[in-house]
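K.L.:
Taking the UniProt record's numbering, the leading residue of the sequence shown gets 1, the next gets one more, and so forth. Input: one structure, supplied below.
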Amino acid sequence: MTESKSLSFAVLLGSVRQERMGIRAARMAVNALEARGHEAVLVDPMVVRLPLLDRMYKEYASGEAPEVLETLATLYRRVDAFVIVTAEYNHGIPPALKNLLDHFLEEYFWRPSGIVSYSAGQFGGVRAAFALRETVAELGMPSISSTCPVPRIGHALDEQGVPTDERLSRSLGRFLDELEWYARALKRQRAEGTPY
1 MTESKSLSFA VLLGSVRQER MGIRAARMAV NALEARGHEA VLVDPMVVRL PLLDRMYKEY
61 ASGEAPEVLE TLATLYRRVD AFVIVTAEYN HGIPPALKNL LDHFLEEYFW RPSGIVSYSA
121 GQFGGVRAAF ALRETVAELG MPSISSTCPV PRIGHALDEQ GVPTDERLSR SLGRFLDELE
181 WYARALKRQR AEGTPY
């Protein structure tokens with residue numbers, strides 16, 4: 001892949017549980033994006049440790065935001081698209097993911113998102129993916145129509161995020177094809193200007 005075709009992605013992981021399986025899905029996304037020649041930066045809430053939302057990044061005066069928020073804002077303004085990795089908690093998204101997302105707004109604008117959902121059961125977290133679509137649309141990074149559900153994640157992916165089933169690899173490939181298309185299209189449009 002030529003440099004001009006390379007894109008930049010932020011992979012947002014939404015779980016802080018000690019025994020979380022979502023890190024496998026996040027690694028799967030990072031590995032697949034890098035194999036396609038893209039930059040993929042993992043944003044792990046266990047590493048960045050954002051506080052519970054009190055003030056959004058935009059509510060700080062210029063230069064006064066905590067360093068972690070400034071670092072994430074810089075990353076988000078630079079990337080072309082987001083991959084959001086969500087578990088399904090009681091048919092919804094994890095609180096750590098909502099907290100991670102809600103610290104920002106304008107930094108997401110005019111960039112597409114793709115949702116990777118997972119669960120220990122057979123449905124792969126699709127109910128959380130559907131719920132998440134409303135949030136990301138409101139944040140200005142609407143999700144593509146495809147999702148990448150990972151059912152029975154403990155068996156579907158090894159610890160490094162390598163799929164154990166060819167069907168998941170094919171599903172991931174189609175998902176990333178679509179996300180790349182939207183990322184390139186919106187990147188061109190951002191270069192020409194945005195409505196506001």
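Cβ atoms here follow ideal geometry from the backbone N, Cα and C, with glycine treated the same way.
Mapping DSSP to helix, strand and coil, what is Ala10?
P.N.:
Looking at Ala10 - three-state DSSP - the assignment turns out to be strand.
K.L.:
Give the single residue among Arg27, Leu13, Val16 and Ala65 whose Cα lies nearest to the Cα of Leu172.
P.N.:
Checked all of Arg27, Leu13, Val16 and Ala65; the closest Cα to Leu172 is Arg27.
K.L.:
I need the straight-line Cα distance from Leu105 to Ile93, nearest angstrom please.
P.N.:
Each residue's alpha carbon lies about 18 angstroms from the other.
K.L.:
What does a CB cutoff of less than 6 angstroms around Pro45 pick up in its chain, not counting 5 residues either side in sequence?
P.N.:
Answer for Pro45: Val16, Ala96 and Leu100, listed in chain order.
K.L.:
Would you tell me roughly how many angstroms separate the C-alpha atoms of Arg78 and Ala120, rounded to the nearest one?
P.N.:
Taking the straight line joining both Cα atoms gives about 34 angstroms.
K.L.:
What number of angstroms, rounded off, separates the C-alpha of Cys148 from the C-alpha of Arg55?
P.N.:
If I take the Cα positions, the gap works out to 32 angstroms.
K.L.:
To the nearest angstrom, how far is it from the Cα of Gly109 to the Cα of Gly22?
P.N.:
In the sequence as presented, Gly is not what sits at residue 109; that position holds Phe. Approximately 25 angstroms between the Cα atoms of the pair.
K.L.:
If you draw a straight line from the alpha carbon of Gln160 to that of Val85, how long is it in whole angstroms?
P.N.:
Each residue's Cα considered, the two are about 15 angstroms apart.
K.L.:
According to DSSP, is Gly92 helix, strand or coil?
P.N.:
Strand at Gly92.
K.L.:
With a 10 Å radius around its C-beta and 16 neighbouring C-beta atoms as the bar for buried, classify Asp80 as buried or exposed.
P.N.:
Buried, since its Cβ has 16 or more Cβ neighbours within 10 Å.
K.L.:
Would you identify the three-state DSSP class for Ser169, choosing helix, strand or coil?
P.N.:
It is helical.
K.L.:
To the nearest angstrom, how far is it from the Cα of Thr71 to the Cα of Glu107?
P.N.:
Their Cα atoms are separated by approximately 12 angstroms.
K.L.:
What is the rounded straight-line gap between the Cα of Leu69 and the Cα of Gly63?
P.N.:
One C-alpha to the other measures close to 11 angstroms.
K.L.:
Between Leu12, Ser169, Leu168 and Phe175, which lies nearest to Ala87 when the distance is taken from Cα to Cα?
P.N.:
Answer by Cα proximity: Leu12.
K.L.:
Quickly, what does DSSP pair Ala40 with across the bridge? List them, please.
P.N.:
Looking at the DSSP assignment, Ala40 forms a beta bridge with Phe9.
K.L.:
Going by the DSSP bridge assignment, what does Ala81 pair with across the sheet?
P.N.:
DSSP, once it has assigned bridges, lists Phe9 as partnering Ala81.
K.L.:
Just checking Arg55 against the ligand FAD - is the residue's beta carbon closer than 6 angstroms to any of the ligand's heavy atoms?
P.N.:
As far as ligands go, the structure on display features none, and thus does not contain the ligand FAD.
K.L.:
Exposed or buried, which one is Glu180 when buried takes at least 16 other CB atoms within 10 Å?
P.N.:
Glu180 comes out buried.
K.L.:
Hey, out of Glu19, Arg167, Ala10 and Leu186, whose CA is closest to Leu33's CA?
P.N.:
Here the closest residue by C-alpha is Ala10.
K.L.:
Since Val47 is in the alpha helix (DSSP H), which residue starts that stretch and which ends it?
P.N.:
Where Val47 is concerned, the enclosing alpha helix (DSSP H) stretches over Pro45 to Val48.
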